[in-house]
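Participant:
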Amino acid sequence: MLELETMFHLHKSAQDGDLERPDPFLLIIFGGTGDLAKRKLIPACYNLFREGLLKEPFAVMGVSRRASSVEAFRDLHHESTSKFSPLFDEEIWRRFAPSLTCMSGDVYKEEMYDALRKQIEEIDRERGTNGNRIFYFSTPPKVFPVILSHLTKAGLIQKQAPSSKSWQRIIIEKPFGRDLASARRLNQTLLEMLEEDQIFRIDHYLGKETVQNILVFRFGNSIFEPLWNRKFIDCVQITALEDISIEGRASFYEETGVFRDIVQNHLLEILSLCSMEMPVTFQANDIRDQKLQLLRSLRPLLGSAIQNHTVYGQYKGYREEADVSPDSHTPTYAAMKVMVDNWRWQGVPFYLRAGKALQRRVTEIAIQFNPIPFCLFGREDVCQMIDPNVLIMRIQPDEGISLRFVCKEPGDRLKIGNVDMNFKYAAGFERRPPEAYERLLLDCARGDLTLFARKDAIERAWEFMDPVIQAIEVEPSLPLVFYEKGSLGPEEANSLLVRDGNRWQEIR
Ligand code: BG6
Numbered sequence: 008m009l010e011l012e013t014m015f016h017l018h019k020s021a022q023d024g025d026l027e028r029p030d031p032f033l034l035i036i037f038g039g040t041g042d043l044a045k046r047k048l049i050p051a052c053y054n055l056f057r058e059g060l061l062k063e064p065f066a067v068m069g070v071s072r073r074a075s076s077v078e079a080f081r082d083l084h085h086e087s088t089s090k091f092s093p094l095f096d097e098e099i100w101r102r103f104a105p106s107l108t109c110m111s112g113d114v115y116k117e118e119m120y121d122a123l124r125k126q127i128e129e130i131d132r133e134r135g136t137n138g139n140r141i142f143y144f145s146t147p148p149k150v151f152p153v154i155l156s157h158l159t160k161a162g163l164i165q166k167q168a169p170s171s172k173s174w175q176r177i178i179i180e181k182p183f184g185r186d187l188a189s190a191r192r193l194n195q196t197l198l199e200m201l202e203e204d205q206i207f208r209i210d211h212y213l214g215k216e217t218v219q220n221i222l223v224f225r226f227g228n229s230i231f232e233p234l235w236n237r238k239f240i241d242c243v244q245i246t247a248l249e250d251i252s253i254e255g256r257a258s259f260y261e262e263t264g265v266f267r268d269i270v271q272n273h274l275l276e277i278l279s280l281c282s283m284e285m286p287v288t289f290q291a292n293d294i295r296d297q298k299l300q301l302l303r304s305l306r307p308l309l310g311s312a313i314q315n316h317t318v319y320g321q322y323k324g325y326r327e328e329a330d331v332s333p334d335s336h337t338p339t340y341a342a343m344k345v346m347v348d349n350w351r352w353q354g355v356p357f358y359l360r361a362g363k364a365l366q367r368r369v370t371e372i373a374i375q376f377n378p379i380p381f382c383l384f385g386r387e388d389v390c391q392m393i394d395p396n397v398l399i400m401r402i403q404p405d406e407g408i409s410l411r412f413v414c415k416e417p418g419d420r421l422k423i424g425n426v427d428m429n430f431k432y433a434a435g436f437e438r439r440p441p442e443a444y445e446r447l448l449l450d451c452a453r454g455d456l457t458l459f460a461r462k463d464a465i466e467r468a469w470e471f472m473d474p475v476i477q478a479i480e481v482e483p484s485l486p487l488v489f490y491e492k493g494s495l496g497p498e499e500a501n502s503l504l505v506r507d508g509n510r511w512q513e514i515r
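The sequence shown begins at 8 in this note's numbering and counts up by one.
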């Protein structure tokens, strides 16, 4: 395979203005000393501060049982932010750190919320955050309703009247519930206390630049839309492989497994963006309406279809990880074939795969076009060299887009090669793409819901996944297969495509 390194020039670019900075606000993180706060949330706040994207004053408060003192809290995040923010600078941290504070407390105890209210009111007075609050629920899902009902009782959050001068919003981490019934219950609880537009159900994949680019690429380029359907596309493959394993998160992972952790949210979001119809406008609810419509078109996987269309596996050695049950049945790998029953996609398989402890980290979408109907070049050996055209949207790492096509190799004989035309973000644009959490925190502070999931779509995604998860967890009718760490996953995932005369795109 040859590779054409093409030159890309940014000829003309349009931005949605440099979006306005949000009002001053206070971000309260439940789980303020946890892994997510350390790796993503505080580094994201620091980066936003560094780029001048947060209007001062703003403040961040971590709530955690382990928060012993403000000093210790700042030190903890100094250490992790210097590790996880590539732009770390001591001088900027020195100016940022005074915005960080913490409170030690048990989220189950009512008296904690009285103390929290006092502290929040003090911050509002001292720093002028004006009653604008984001409550970030970075805790196990079962605690969400507990925290919310205490916050409501303490008067810290309430249904927002349109005339209200300040705003309060919540961000809820995924997975949102663990099945359809629990997601419905959670939605119901939330909507008793809040308006839908105060609820930001986060899926950080939607904050990734390359994921946001899916819609821009589809609807900003007129050459692809006529091809974007069953007449020209043979199959779509969505891959999210990770080289890391569970990284000490056994208690979370044993409860979730790959279907709840990645497939129900990240992969179905990507699938919707790749295949949804054009929204009427680029406004949040128009886009969310189309995503919902697409999710409603997924062919239900029931009965024998689950066995025929699903593979799930576990990496060898998972059961020996700390805090994992020695006979754990939790899947760390999944591959699925999903069909979309609508006019545009009838008959086009969407293959999804995701897993941990694999050979490399790669998330990408491969749109494989139909093979040529007839080979003009006569000779069998020449014709066999022709691969179908493939458009790859590389979500991460090496973010970019490539298009594979067939080309004559120079020479006096007819020799054919497949070449890739590559666009790489790093070479094409000179700015640092913001981290997903930066964009999402900023959007929440601005009240922009476009990149967050709506109640109906979340429930629909669970409705689709529930039968599959049940077939695995309740009286498993599908065998769990095992795969080597550092491999590309179980062989059975290949058979899923071979049965259709397809194969996974080679990861390059
Ligand atoms: C999270 C999952 O949502 O996404 C993790 O809980 C996973 O298990 C992570 O490792 C992957 O995110 P990213 O941004 O590194 O692809």
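Don't be surprised by glycine CBs; every beta carbon is placed ideally from N, CA and C.
Please name the residue or residues paired with F144 in a DSSP beta bridge.
Facilitator: The partner list for F144 (beta bridge, DSSP) reads F37 and I179.
Participant: Name the DSSP bridge partner or partners of Q375?
Facilitator: C242 and V397
Participant: With distances taken Cα to Cα, identify the nearest neighbour of E203 among N220, A161, S502 and R176.
Facilitator: R176
Participant: Would you call the CB atoms of N194 and E466 closer than 8 angstroms?
Facilitator: yes
Participant: Which same chain residues end up closer than 6 angstroms to G264 when comparing Cβ atoms and leaving out the 5 residues on each side of it in sequence?
Facilitator: Hits under 6 angstroms: T337 and P338.
Participant: In angstroms with no decimal places, state the Cα-to-Cα distance between L201 and K45.
Facilitator: Using only the alpha carbons, I get a separation of about 28 angstroms.
Participant: Suppose you measure from the CA of T108 to the CA of F65; what does that come to, to the nearest Å?
Facilitator: 11 angstroms
Participant: Going straight from the alpha carbon of P441 to that of S311, what length do you get?
Facilitator: 43 angstroms
Participant: Of the choices S409, G418, E98 and F436, whose alpha-carbon is the least far from that of V426?
Facilitator: For V426, the nearest C-alpha among the options comes from S409.
Participant: Around the Cβ of G24, are there at least 16 other Cβ atoms within 10 angstroms (buried) or fewer (exposed)?
Facilitator: Confidence at G24 is low in this model, with a pLDDT of 44, below 50, so the placement of that residue should be treated as unreliable; the coordinate-derived value is given next. G24 should be labelled exposed.
Participant: I'd like the list of long-range same chain contacts for H356, defined as Cβ closer than 7 angstroms, with 5 residues on each side in sequence excluded.
Facilitator: A small fix is needed here, since residue 356 is Pro in this sequence, not His. The answer, listed in chain order, is C242, K344, M346 and D507.
Participant: Quick check: does the Cβ of D330 come within less than 7 angstroms of any heavy atom belonging to the ligand BG6?
Facilitator: no
Participant: If you drop the 5 nearest sequence neighbours on each side, which residues of the same chain put their C-beta closer than 6 angstroms to that of Y260?
Facilitator: Result list for Y260: I253, in chain order.
Participant: Can you check DSSP and say which residues form a bridge with R208?
Facilitator: R208 is bridged to I179 and A460.
Participant: Hey, how far is the Cα of G496 from the Cα of A342?
Facilitator: Answer to the nearest angstrom: the Cα atoms are 9 angstroms apart.
Participant: Going by the CB atoms, is the gap between I514 and R2 shorter than 8 angstroms?
Facilitator: This structure cannot speak to residue 2, because the chain is shown only from 8 to 515.
Participant: Do L163 and L123 count as a contact pair if the criterion is CB distance below 8 angstroms?
Facilitator: The Cβ atoms of L123 and L163 sit closer than 8 angstroms to each other.
Participant: Count the CB pairs spanning the stretch 391 to 400 and the stretch 371 to 380 that are closer than 8 angstroms, and state whether there are at least three.
Facilitator: Judged by Cβ distances under 8 angstroms, the stretch 391 to 400 makes contact with the stretch 371 to 380, as three or more pairs qualify.
Participant: Relative to the C-alpha of N501, which residue among G493, K47, E491 and Q512 is closest?
Facilitator: With distances taken between Cα atoms, N501 lies closest to Q512.
Participant: Spatial neighbours of Y325 within its chain, please: C-beta separation below 8 angstroms, excluding the five flanking residues on both sides.
Facilitator: S252, I253, V331, S335, T337, T339 and A364
Participant: Where does M200 fall in DSSP's three states?
Facilitator: helix
Participant: Measure from the alpha carbon of I269 to the alpha carbon of each residue in P417, I209 and G255, then state which is nearest.
Facilitator: I209
Participant: Compute every distance between the C-beta of Q403 and the non-hydrogen atoms of the ligand BG6, then say whether any falls below 7 angstroms.
Facilitator: yes
Participant: Mapping DSSP to helix, strand and coil, what is R515?
Facilitator: Coil.
Participant: With respect to the beta strand (DSSP E) encompassing V426, which residues constitute its N-terminal and C-terminal limits?
Facilitator: Annotation for V426: the continuous beta strand (DSSP E) segment containing it runs I423 to K431.
Participant: Between the alpha carbons of E27 and C382, how many angstroms are there, rounded?
Facilitator: Here the alpha carbons of C382 and E27 stand approximately 55 angstroms from one another.
Participant: Could you tell me whether the Cβ atoms of V223 and E499 are closer together than 8 angstroms?
Facilitator: no
Participant: So A74 and S111 are in contact, right, with Cβ under 8 angstroms, and what is the actual spacing, rounded?
Facilitator: 5 angstroms
Participant: Using 10 angstroms around the beta-carbon of V475, count the other beta-carbons present and answer buried if the total reaches 16, otherwise exposed.
Facilitator: In the assembly as shown, V475 is a buried residue. Its beta-carbon has 16 or more other beta-carbons within 10 Å.
Participant: Nearest CA to the CA of K149: which residue from W174, I130, N137 and Y115?
Facilitator: Y115
Participant: Nearer than 7 angstroms: is that true of the beta carbon of T339 relative to any heavy atom of the ligand BG6?
Facilitator: no
Participant: Determine which residues share a DSSP beta bridge with T370 and list them.
Facilitator: For T370, which the question treats as bridged, DSSP gives the partners A247 and Q403.
Participant: Checking the sheet assignment: what are the DSSP bridge partners for F489?
Facilitator: Q321
Participant: Distance check for K172 and E249, CA to CA, integer angstroms please.
Facilitator: 44 angstroms
Participant: Out of curiosity, what's the CA-to-CA distance linking F142 and P233?
Facilitator: 44 angstroms
Participant: Tell me, please, whether the CB atom of L155 is closer than 8 angstroms to any CB atom in chain B?
Facilitator: Given the protein chain composition of this structure (a single chain), no chain B is represented.
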